[in-house]
Structure formats: structure tokens, C-alpha cells
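J.: Positions in the sequence shown are counted from 1; adding 5 to them yields our numbering.
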Amino acid sequence: EWVKYEKGNMDDAERMIASLQDKYTDWCIEGEGVGKDKLNEGDIYIYYTFDKSGNPIDPRMCIRMSDVRIAEVRGISGGKSQEVEQIFMDETGEGGSVLGNKLKEFGNEADAYKKSESDMKYMTRLMKKNQDDEPFTKEELQFLYEINGAIEGFGYQKDPRIAELRQGRNAEEDMLVIFECTREEI
6 EWVKYEKGNM DDAERMIASL QDKYTDWCIE GEGVGKDKLN EGDIYIYYTF DKSGNPIDPR
66 MCIRMSDVRI AEVRGISGGK SQEVEQIFMD ETGEGGSVLG NKLKEFGNEA DAYKKSESDM
126 KYMTRLMKKN QDDEPFTKEE LQFLYEINGA IEGFGYQKDP RIAELRQGRN AEEDMLVIFE
186 CTREEI
């Protein structure tokens, strides 16, 4: 369930900060000073999952606004890197993903985050292929080695899965596939 905390509403700020205590999100807004400051900048939307009693109490994603612009999208995956968990980018029965459907509400403002969502879905597919020992295509290798552009995520740091996948590969063999050449041509 998404909960909106309204810009400038200090009652909302206190409820939001209380909802984040002892939840280990690593989000800066869980601190009272920063939480209030950020809510003064713009609305904050937090996605909570339900506990066993059906109460929405576990914060999993956050969309922080700066006036009418999206300032950041954060999750709880990867500790301090704050990546969005893949489950919230997977397609739902209603079409789209939990995050994607929410981002649609922001219109063109969300366009920059759609690439991040797409890249993170692509990384998940590559992780699955790697686990299943399936070979990567030329296009997949170009993506993994960021030949045509950087892989974008939601967190503060590069998605650690990129390094993990590259580390387990023979880069020289991959370059032969990417550049469609022989070893002698490298």
C-alpha cells in the first residue's frame, strides 16, 4: 500500500518518521531532522507491505519529491545502495509493476526512472540466465559491459550484480562475441 506524506505537513512528518523507526531502511528520512526537512521540500510516497495481521507497516520503497519533480526513488535492497527490490518491478496481474504503476501517476516526470526500472529488470533476467548456465547473446553482453550506455539503477551505487556477473565471466571470450572478431583481431 502506498502512503502519501504531504509537503509541509508536520503531523505527516512525525507519522512518517515513526513508521520508519527500527525498520533498517537506511533512508535519510528516517531521522527526525532530515525527515522533516525533506517533507518541507515535497511530498513523500512510501510503499508498505503488510504484516501477518494485515497492517501496512514494512517500508519497502520511497519516492521523494522536490516540489513537483521526483528527487529520488529508493528501496531497501542492497543495504546502503538502496536499490528497489525486483519483486516490485515485476509485472503484476493488473499490468505493469508496483513501481511502474505508481510512476505512471507522475507522467513525463517519471521518464528518467523508467530506464532504471527497465535496466534492473534486464539485470534480473541476466542473473537468471547465468544461474541456469545459459549463454548470453551479443546484445546481452553489450548491455552487461555497458558498451552502448551505462546501466542505471535506483540506488546510490552501481548495482552490485553487474560486478558479480562480470567477475564470473571470461571478458576476453565475451569481447570476441561482442565485436564479432577473432582472438587475433583483438
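Where a beta carbon is used, it is the ideal one built from N, C-alpha and C, also for glycine.
Keep in mind that this is a model prediction, so the values were computed, not measured.
#1: From the DSSP secondary-structure annotation, give me the bridge partner or partners of V8.
#2: Exposed or buried, what is V89 when buried is set at 16 or more other beta-carbons lying within 10 Å of its beta-carbon?
#3: Skipping 5 residues on each side, what residues in its chain have a beta carbon closer than 6 Å to that of Y50?
#4: Quick one: Cα of S71 to Cα of G47, how far?
#5: Distance, Cα to Cα, T187 vs L181?
#6: Rounded to a whole number of angstroms, what is the C-alpha to C-alpha distance between L149 and D16?
#7: Would the beta-carbon of E11 fall within 8 Å of that of I75?
#8: Going by the DSSP bridge assignment, what does D63 pair with across the sheet?
#9: Given that a residue counts as buried once 16 or more other Cβ atoms are within 10 Å of its Cβ, and exposed if not, what is S123?
#10: Going by the DSSP bridge assignment, what does E77 pair with across the sheet?
#11: Compute the Euclidean distance between the alpha carbons of Q172 and E19, then round it to the nearest angstrom.
#12: Alpha carbon to alpha carbon, how far is Q26 from T142? Give it in angstroms, no decimals.
#13: Measure the C-alpha to C-alpha separation of P64 and G40 and round it to an integer number of angstroms.
#14: Can you find a heavy atom of the ligand FAD that lies under 7 Å from the Cβ of V103?
#15: According to DSSP, is S86 helix, strand or coil?
T.: In terms of the structure at hand:
#1: The sequence position of residue 8 within the sequence shown is 3, counting from 1. According to DSSP, which records beta bridges pairwise, V8 is partnered with I51.
#2: One-based indexing of the sequence shown puts residue 89 at position 84. So V89 ends up on the buried side.
#3: Here residue 50 is taken as the residue at index 45 of the sequence shown, counted from 1. W7, K9, I68.
#4: Residue 71 sits at position 66 when you count from the first residue of the sequence shown. Residue 47 sits at position 42 when you count from the first residue of the sequence shown. The straight-line gap from Cα to Cα measures roughly 5 Å.
#5: Within the sequence shown, numbered from 1, the residue matching residue 187 stands at position 182. Within the sequence shown, numbered from 1, the residue matching residue 181 stands at position 176. Looking at the two C-alpha atoms, the distance is approximately 6 Å.
#6: Here residue 149 refers to the residue found at position 144 of the sequence shown. Here residue 16 refers to the residue found at position 11 of the sequence shown. About 45 Å.
#7: Stepping through the sequence shown from its first residue, residue 11 is reached at position 6. Stepping through the sequence shown from its first residue, residue 75 is reached at position 70. No, these two residues do not count as a Cβ contact at 8 Å.
#8: Indexing the sequence shown from 1 puts residue 63 at position 58. BP columns for D63 point to T54.
#9: Residue numbering aside, residue 123 sits at position 118 when the sequence shown is read from its first letter. Result: exposed.
#10: On the sequence shown, position 72 is the one that residue 77 refers to. Answer is R69.
#11: For the purposes of this step, residue 172 is taken as residue 167 along the sequence shown, with counting starting at 1. For the purposes of this step, residue 19 is taken as residue 14 along the sequence shown, with counting starting at 1. Each residue's Cα considered, the two are about 44 Å apart.
#12: In the sequence shown, counting from the first residue as 1, residue 142 sits at position 137. In the sequence shown, counting from the first residue as 1, residue 26 sits at position 21. Straight-line Cα distance between these residues: approximately 45 Å.
#13: Taking the sequence shown and counting its residues from 1, the one referred to as residue 64 is at position 59. Taking the sequence shown and counting its residues from 1, the one referred to as residue 40 is at position 35. Distance between the alpha carbons of P64 and G40: 14 Å.
#14: Absent from the structure shown: the ligand FAD. Ligands present: none.
#15: For the purposes of this step, residue 86 is taken as residue 81 along the sequence shown, with counting starting at 1. Three-state DSSP puts S86 in a helix.
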